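**Q** Mind having a look at this structure? Questions to follow.
Numbering (UniProt numbering), first residue to last: 1 to 145.
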């Protein structure tokens, strides 16, 4: 890696989206749909939503007004999709996943568009699954999965 860090594989799907994230300089994340309770929402936290980050056994609750992804059980990702929860993490047993690529400005949106196409191609090539690309915006804030 350009920062001199070693790349440690996690699992094939996570490794693919991490490689896309690095290649296009956009944040990518993913959750196991079968582990989501109720709907998956992007919102400002009330504060105190339970969150057990990857690699930790202790609760790190969301802060008031922090932007989080959450379901009926608590925070799924904090800092947009940067800090992911252990509860909904992708594993080798995952069969249904939602993969997220975020963009917060026009320049990043252009890279995100290309990253989505690449991610869709790689998932189909490696796993034989043709994913659906959906864009969520302020004008189109939700999708039924």
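Ideal Cβ positions, reconstructed from N, Cα and C, are used throughout, including at glycine.
Please read these numbers as outputs of a predicted model, since none were measured by experiment.
1. Specify whether the stretch 48-66 and the stretch 79-97 touch according to this definition: at least 3 beta carbon pairs, one from each stretch, less than 8 Å apart.
2. Buried or exposed: residue 30, going by 16 or more other Cβ atoms within 10 Å of its Cβ?
3. Can you list, in chain order, the residues of its chain whose CB lies under 8 Å from that of residue 91, leaving out five sequence neighbours each side?
4. Taking 7 Å as the threshold (C-beta atoms), are residue 26 and residue 97 in contact?
5. So, under 8 Å CB-CB, residue 69 and residue 42 are touching, yes? Tell me the CB distance rounded to an integer number of Å.
6. Determine the direct distance from the alpha carbon of residue 36 to that of residue 99, and round the result to whole angstroms.
7. Based on DSSP bridge pairs, tell me the residues matched to residue 76.
8. What separation, rounded to the nearest whole angstrom, lies between the Cα atoms of residue 7 and residue 108?
9. Report the rounded CA-to-CA distance for residue 79 versus residue 67, giving the unit in angstroms.
10. Taking a contact to mean a Cβ-Cβ separation below 7 Å, would you say residue 45 touches residue 62 in this structure?
11. Considering Cα atoms alone, identify which of 38, 102, 94 and 15 is closest to residue 72.
12. By alpha-carbon positions, which one of 122, 121, 129 and 101 ends up nearest to residue 112?
13. Out of curiosity, what's the CA-to-CA distance linking residue 20 and residue 47?
14. Which residue comes first and which comes last in the alpha helix (DSSP H) that contains residue 33?
**A** According to the structure shown:
1. yes
2. buried
3. 11 and 32
4. no
5. 5 Å
6. 13 Å
7. Per DSSP, none; premise fails for residue 76.
8. 24 Å
9. 6 Å
10. yes
11. 38
12. 101
13. 32 Å
14. Taken as a continuous stretch (DSSP letters only), residue 33 belongs to no alpha helix (DSSP H), as it is neither H nor E.
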